[in-house]
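In the numbering used here, the protein residues as written are 430 to 690. Where is the CB? At the ideal position from N, CA and C, for every residue including glycine. Owing to the predicted nature of the structure, the values given are computational and were not obtained by experimental measurement.
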Ligand code: KIV
């Protein structure tokens with residue numbers, strides 16, 4: 430998959446994307462059919478235990494992008510522009526873009542549209558593909574007063590719709606729609622030429638994205654309405670580790686065959 434394939438997929442077939450933060454999972458995902466890997470700033474929460482994505486810094490993002498690029502050299506990798514990295518002027522923004530691209534990303538993702546249209550256009554004109562991200566943009570969680578569905582009220586839906594037109598016009602090659610009503614996601618998907626990739630945005634978007642650890646069931650307590658679990662990773666890992674522990678304690682690991690002569 431390259432950036433042009435996103436456009437070809439629009440109206441032809443849906444696009445799949447999962448998050449990926451490290452070398453070992455990138456090696457697995459490299460051998461799957463998944464279209465695209467997102468080194469999302471959700472890694473601040475999933476990998477580093479913070480309670481929001483606000484804590485992801487550009488150095489941390491670049492470190493994770495580098496690991497993923499090594500593990501999945503043939504996948505299309507999107508690196509997330511972290512909290513405020515696009516809000517301090519052109520030079521710091523472009524420095525951050527450079528860090529992610531030189532770490533091995535094929536594109537960057539920018540949250541929000543308000544006040545950023547020209548900036549997005551500048552990044553695109555610099556030869557760097559930009560994925561937009563609208564709706565529940567987690568970097569604004571403090572402004573939203575929590576992780577809440579966005580665009581439920583008519584006025585909010587119109588603002589979101591206008592933002593979607595805005596990011597498409599600015600040159601984004603795709604846009605993530607996070608936690609918006611399905612009817613609004615459908616309206617946006619029909620109105621813009623670039624693919625929409627939904628998470629908690631219903632079935633009518635041009636693609637879907639999930640956080641890898643969530644779809645693998647790594648955290649049994651995390652159960653948002655939109656999440657479908659494709660595995661019980663928590664049980665898989667804890668059962669395997671408990672078996673190893675038991676067999677070590679019982680002295681039945683390692684066997685002769687697992688020992689050097
Ligand atoms: O950081 C992330 O994982 C994301 C996805 C939820 C789209 O932005």
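So the alpha helix (DSSP H) residue i belongs to, where does it begin and stop?
i: residue 614; result: 611-620
i: residue 627; result: No alpha helix (DSSP H) holds residue 627; the beta strand (DSSP E) holding it covers 625-628.
i: residue 491; result: 487-500
i: residue 667; result: 662-679
i: residue 606; result: Note, residue 606: premise wrong, no alpha helix (DSSP H); beta strand (DSSP E) at 603-607.
i: residue 570; result: 570-573
Quick check on residue i: does DSSP put it in helix, strand or coil?
i: residue 477; result: coil
i: residue 554; result: helix
i: residue 634; result: coil
i: residue 702; result: With the chain covering only 430 through 690, there is no way to say anything about residue 702.
i: residue 597; result: helix
i: residue 686; result: coil
i: residue 519; result: helix
i: residue 526; result: helix
i: residue 640; result: coil
i: residue 645; result: coil
i: residue 656; result: coil
i: residue 513; result: coil
Please list, in chain order, all residues of the same chain as residue i whose beta carbon is under 8 Å from its beta carbon, the five residues on each side excluded.
i: residue 611; result: 630, 631, 632 and 633
i: residue 439; result: 622, 623, 624 and 635
i: residue 600; result: 549, 550, 553, 554 and 559
i: residue 651; result: 643
Excluding sequence positions up to five away, which residues of its chain have a Cβ less than 6 Å from the Cβ of residue i?
i: residue 621; result: 593 and 597
i: residue 613; result: 580 and 586
i: residue 661; result: 646
i: residue 555; result: none
i: residue 615; result: 633
Near residue i, what residues of its chain come up, given a Cβ to Cβ distance below 7 Å and the 5 sequence neighbours on each side ignored?
i: residue 482; result: 470, 471, 473, 474, 512, 567 and 568
i: residue 430; result: 464, 465 and 505
i: residue 486; result: 511
i: residue 525; result: 487, 510 and 514
Going by DSSP, what residue range makes up the beta strand (DSSP E) through residue i?
i: residue 505; result: 505-509
i: residue 562; result: 559-564
i: residue 463; result: Unbroken run through residue 463: none, as it is neither H nor E.
i: residue 538; result: 536-540
i: residue 445; result: 444-448
Compute the beta-carbon to beta-carbon distance between residue i and residue j, rounded to the nearest angstrom, for a pair I have assumed lies under 8 Å.
i: residue 534; j: residue 468; result: 7 Å
i: residue 624; j: residue 636; result: 6 Å
i: residue 563; j: residue 578; result: Not quite, the Cβ-Cβ distance comes to about 13 Å (not below 8 Å), so this is no contact.
i: residue 574; j: residue 606; result: In fact, because the Cβ distance is near 20 Å, the residues do not count as touching under 8 Å.
i: residue 508; j: residue 546; result: 21 Å between Cβ atoms; not a contact.
i: residue 501; j: residue 529; result: That pair is no contact at about 15 Å.
i: residue 609; j: residue 589; result: 6 Å
i: residue 656; j: residue 449; result: Rounded, the Cβ-Cβ distance is 17 Å, inconsistent with contact.
i: residue 602; j: residue 435; result: 5 Å
* Please determine if the stretch 497-512 and the stretch 450-457 are in contact, where contact requires at least 3 C-beta pairs separated by less than 8 Å. => yes
* Examine the Cβ distances between the stretch 469-485 and the stretch 659-670 and report whether three or more of them are shorter than 8 Å. => no
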